[in-house]
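Trainee: Residue numbers (our numbering): 103 to 503. Each residue gets a CB set at the ideal place from its N, CA and C atoms; glycine is no exception.
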Ligand SMILES: Cc1ncc(COP(=O)(O)O)c(C=O)c1O
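What follows is the structure in structure tokens.
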């Protein structure tokens, strides 16, 4: 029996990927830095390599062969994310597998490439998307052809060579919520990839709603401290087999020390997410009443979730928010320069609060007509006291006048 069976999500977050440690006689997760390892006899080594070439996960204790193909510390992180993404409250968990990468973009790249390799190069994407994802699709760099579609028009764009539907919910940077089950229904046989970075598996498990792939920039909430870069895809064992061999040949693998940090981050993910979400809610509600602010984007605000996805698809509105300055770009730029406690920086999901201007930074590479509005600023709420953060925003808005 799986020792995680029957546990609640916070307990799974603490113990996933570590359930064998007591038997090993250690308490902290061992980091295996080997790039190669002593092999058993040639025939056995060849059999292990054949398993890897077929994209199968290796069992605990298997020989490493070569780190680009498999690493036991990275496998622990993969197991932990899969346990969270496949978690079903009070039921049996989904049969899913995690595959870790060197970054979120490396993860997204391999999912897209796997569909091109399957002879299905047409991608339907729903904007807005993180700038890097948008750019890799728009450029056709990986041999794809993209159609950008509204979320209720997916079905009408599906053709014989459509291999993937790509979207984010909540989306970066303006926090639109999308109904995953409805998009999966429209996509029919076409696999749907959800970038679950903003929600994290604590708030949303896309595979439970029929998505084929849940992708994360693990650099964000999973790591949680702004000091480790990685990505991860969670998918069915069948689709995982088409991704692992591509990861081996393209080489965008997570390193073991990063996997260690990620696994450590996951242990506190539920409690961080709950608290950062509370902080985001307080900031968003305060911003709504500020005359210098013309619009606030936060899924937890009244009217922001008209179809009731929070509660049905997502267990909470998350810790990301955005707002539009009434004074346009100039005012937005001044706010970033006037903040003292909140750091002006890209990225998100760490314990300290960050602010950035998407049109200039994270979404700079997006075609101009699809870029976020120039007056929009995005905040990643951290773990500071919300009163201190609001005081910082208040003095910055005062200076803008
Ligand atoms: C929603 C989202 N997806 C993917 C990425 C790319 O992740 P990484 O920077 O780890 O490659 C980012 C990065 O900001 C992001 O915000």
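Anyone know if the C-beta pair for residue 379 and residue 421 falls short of 8 Å?
Mentor: Taking 8 Å as the Cβ cut-off, residue 379 and residue 421 qualify as a contacting pair.
Trainee: DSSP on residue 197, reduced to helix/strand/coil?
Mentor: Coil.
Trainee: Ignore the nearest five residues each way along the sequence and tell me which others in residue 217's own chain have a CB closer than 6 Å to its CB.
Mentor: So the list reads 265, 266, once near-sequence residues are dropped.
Trainee: Determine the contact status of residue 405 and residue 502, defining contact as a CB-CB distance below 8 Å.
Mentor: No. Outside cutoff.
Trainee: Which residues, in chain order, sit with a beta-carbon under 5 Å away from any heavy atom of ligand 1?
Mentor: Working through the chain, the matches are 205, 206, 207, 232, 274, 297, 299, 319, 321.
Trainee: By the DSSP assignment, the alpha helix (DSSP H) with residue 295 in it spans what residues?
Mentor: Looking at the DSSP string, residue 295 is not in any alpha helix (DSSP H); the run it does join, the beta strand (DSSP E), is 294 to 297.
Trainee: How would you call residue 414, buried or exposed, if buried means at least 16 neighbouring beta carbons within 10 angstroms?
Mentor: Flag for residue 414 reads exposed.
Trainee: Could you work out which residue in 431, 452, 416 is closest to residue 324 when comparing CA atoms only?
Mentor: Selected option, being the one with the closest Cα: 452.
Trainee: In the DSSP output, which residue or residues are listed as bridge partners for residue 224?
Mentor: In the DSSP output, where bridge partners are listed per residue, residue 224 has 247, 264.
Trainee: Just to confirm the assignment, what range does the beta strand (DSSP E) spanning residue 480 have?
Mentor: Unbroken beta strand (DSSP E) run through residue 480: 478 to 482.
Trainee: Mark residue 401 as exposed unless 16 or more other C-beta atoms lie within 10 angstroms of its C-beta, in which case mark it buried.
Mentor: Flag for residue 401 reads buried.
Trainee: For residue 394, tell me which candidate among 498, 190, 298, 403 has the shortest Cα-Cα distance.
Mentor: Considering only alpha carbons, the answer is 498.
Trainee: Within the continuous alpha helix (DSSP H) that includes residue 256, where are the two ends?
Mentor: Counting along the chain, residue 256 falls outside any alpha helix (DSSP H), and DSSP gives it neither H nor E.
Trainee: In the DSSP assignment, the alpha helix (DSSP H) including residue 305 goes from what residue to what residue?
Mentor: It spans 302 to 305 - the alpha helix (DSSP H) in which residue 305 sits, taken as one unbroken run.
Trainee: Tell me whether residue 444, by its Cβ, gets closer than 7 Å to a heavy atom of ligand 3.
Mentor: Summarising the ligand content, the structure contains ligand 1 and does not contain ligand 3.
Trainee: Taking the runs of the beta strand (DSSP E) that are 3 residues or longer, which of them lie wholly in the stretch 295 to 369?
Mentor: Runs found: 315 to 319, 333 to 337.
Trainee: How is residue 207 classed by DSSP in three states: helix, strand or coil?
Mentor: Three-state DSSP puts residue 207 in a helix.
Trainee: Thinking C-beta only, is residue 466 closer than 8 Å to residue 233?
Mentor: Result yes, Cβ atoms of residue 233 and residue 466 sit closer than 8 Å.
Trainee: Which residue's Cα is closest to the Cα of residue 347: 133, 108, 202, 146?
Mentor: The shortest Cα separation from residue 347 among 133, 108, 202, 146 belongs to 202.
Trainee: Closer than 6 Å by C-beta to residue 71: which residues in its own chain qualify, once you throw out the five before and the five after it? Chain order, please.
Mentor: What the structure shows of the chain is the stretch from 103 to 503, and residue 71 is not part of that stretch, so it cannot be assessed.
Trainee: Using beta-carbon positions only, say whether residue 298 and residue 306 come within less than 8 Å of one another.
Mentor: Cβ distance < 8 Å, so residue 298 and residue 306 count as in contact.
Trainee: Under a Cβ-count criterion, where at least 16 other Cβ atoms within 10 Å of its own Cβ denotes burial, should residue 398 be classed as buried or exposed?
Mentor: Buried, by the Cβ-count rule.
Trainee: Go to residue 426, then tell me how far its beta strand (DSSP E) extends in each direction, as first and last residue.
Mentor: First-last of the beta strand (DSSP E) with residue 426: 422 to 427.
Trainee: Please check the pair residue 133 and residue 359, which I expect to be a contact at CB under 8 Å, by giving their CB distance rounded to whole angstroms.
Mentor: The pair is a contact, with the Cβ atoms about 6 Å apart (cut-off 8 Å).
Trainee: Measure the beta-carbon distance from residue 187 to residue 159 and round it to whole angstroms, keeping in mind my assumption that it falls under 8 Å.
Mentor: At roughly 15 Å, the Cβ-Cβ gap does not stay under 8 Å, so residue 187 and residue 159 are not in contact.
Trainee: Among 178, 138, 181, whose alpha-carbon lies nearest the alpha-carbon of residue 165?
Mentor: For residue 165, the nearest C-alpha among the options comes from 138.
Trainee: Tell me which residues share the same chain as residue 440 and place their Cβ nearer than 8 Å to its Cβ, disregarding the 5 neighbours each side in the sequence.
Mentor: These residues qualify, in order along the chain: 497, 498, 501, 502.
Trainee: Quick check on the DSSP output: the alpha helix (DSSP H) that includes residue 240 runs from which residue to which?
Mentor: Residue 240 -> alpha helix (DSSP H) spans 233 to 241.
Trainee: Taking the alpha-carbon positions, what's the residue 444 to residue 435 distance?
Mentor: Cα to Cα, residue 444 sits roughly 14 Å from residue 435.
Trainee: Per the DSSP calculation, residue 416 is bridged to which residue(s)?
Mentor: DSSP output for residue 416 lists 412 as bridge partner(s).
Trainee: Tell me which residues share the same chain as residue 184 and place their Cβ nearer than 6 Å to its Cβ, disregarding the 5 neighbours each side in the sequence.
Mentor: These residues qualify, in order along the chain: 198, 199, 200, 336.
Trainee: Considering Cα atoms alone, identify which of 491, 472, 488 is closest to residue 276.
Mentor: The shortest C-alpha separation from residue 276 is found at 472.
Trainee: Let me check one thing: in DSSP terms, what residues is residue 442 bridge-paired to?
Mentor: Answer by DSSP bridge pairing: none, since residue 442 is not bridged.
Trainee: Report, in whole angstroms, the separation of the C-beta atoms of residue 130 and residue 154, which I expect to be a contact under 8 Å.
Mentor: Contact flag wrong, Cβ pair sits at about 27 Å.
Trainee: Going by C-alpha distance, which of 103, 357, 457 is nearest residue 558?
Mentor: The requested residue 558 does not occur in the structure, where the chain is confined to residues 103 to 503.
Trainee: When the distance is taken between beta carbons, is residue 341 closer than 8 Å to residue 315?
Mentor: The answer is yes: Cβ separation under 8 Å.
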